[in-house]
Every structure is written in C-alpha cells, then in structure tokens.
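Here is the structure we will look at, set down as structure tokens.
As structure tokens, this is what we get:
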C-alpha cells in the first residue's frame, strides 16, 4: 500500500445535499479500488485566481488515501467522470 493525497475542487454552485453526494461518491470510489481513506479535511470555499469552466470559486477538500499502486490509475480514470468535481490532483506522498 502506498500513501497518496487527493485535492478536490468541487463546484460551489451546487447545493449542500449534492455536495455530500459527491463526497460520498468519492469515498465509495476509494473503497471500491481497495483503498483506505485515512483523513478528510475541508479547506472551505475559495475564490479562483482565474475562471475554471466559467466558475470563479469552488470548495476545496483534501483526502489522505492509501492505495495499492496498481489501483491508483483506475481510480484516477473513474474520478474524471464525476461531473461536480471541477479539478483534482493526486500525488504520491
């Protein structure tokens, strides 16, 4: 198992219920790829320096994850399909 950090920017224009559904979907995705969620931190809503997909702000989240190295690529591909996630970054720690 290898440690990773995932930073998500979620659309701030969606409602609170939709935000929770998106975060739950990410957590379920982690476990479906044999990963473990170690820690979740909300950085809150922040304004962008420049527009991304015609949006000026988003909610930032940090997830500390543990994955088998061969499963991270599949997780990355599935994460691209989440429509409420504006941007994300996965890094190896």
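In the working numbering, the protein residues as written are -13 to 79.
The C-beta atom is built at its ideal place from N, Cα and C for all residues, glycine as well.
- Item | residue 21 classed as buried or exposed, judged by whether at least 16 other C-beta atoms fall within 10 angstroms | In the chain shown, residue 21 corresponds to position 35, counting from 1. When all chains shown are included, residue 21 counts as buried.
- Tell me, to the nearest whole angstrom, how far the beta carbon of residue -2 is from that of residue 26; I am working on the premise that it is less than 8 Å. As a working note, residue -2 is residue 12 in the chain shown. As a working note, residue 26 is residue 40 in the chain shown. Rounded, the Cβ-Cβ distance is 18 Å, inconsistent with contact.
- Message: What does the alpha-carbon distance come out to for the pair residue 4 and residue -12?
- Response: As a working note, residue 4 is residue 18 in the chain shown. As a working note, residue -12 is residue 2 in the chain shown. Roughly 30 Å separates the two Cα atoms.
- Message: With a threshold of 7 Å on Cβ separation, who are the neighbours of residue 79 within its own chain once the five nearest residues in sequence on each side are excluded?
- Response: Position 93 of the chain shown, counted from the start, is the residue given in the question as residue 79. -11, -10 and -9, listed in sequence order.
- Message: Which residue wins for smallest C-alpha separation from residue 6, given the options 18, 28, 24 and 19?
- Response: Here residue 6 corresponds to residue number 20 of the chain shown, with the count starting at 1. For residue 6, the nearest C-alpha among the options comes from 28.
- Query: DSSP on residue 67, reduced to helix/strand/coil?
  - Reply: Numbered from its first residue, the chain shown carries residue 67 at position 81. Coil, per DSSP.
- Check residue 49 in the structure and name its three-state DSSP category. For the purposes of this step, residue 49 is identified with residue 63 of the chain shown, where counting begins at 1. It is a strand residue.
- Going by DSSP, what residues sit across from residue 43 in a beta bridge? What you label residue 43 is simply residue 57 of the chain shown in a count that begins at 1. Beta-bridge pairing links residue 43 to 33.
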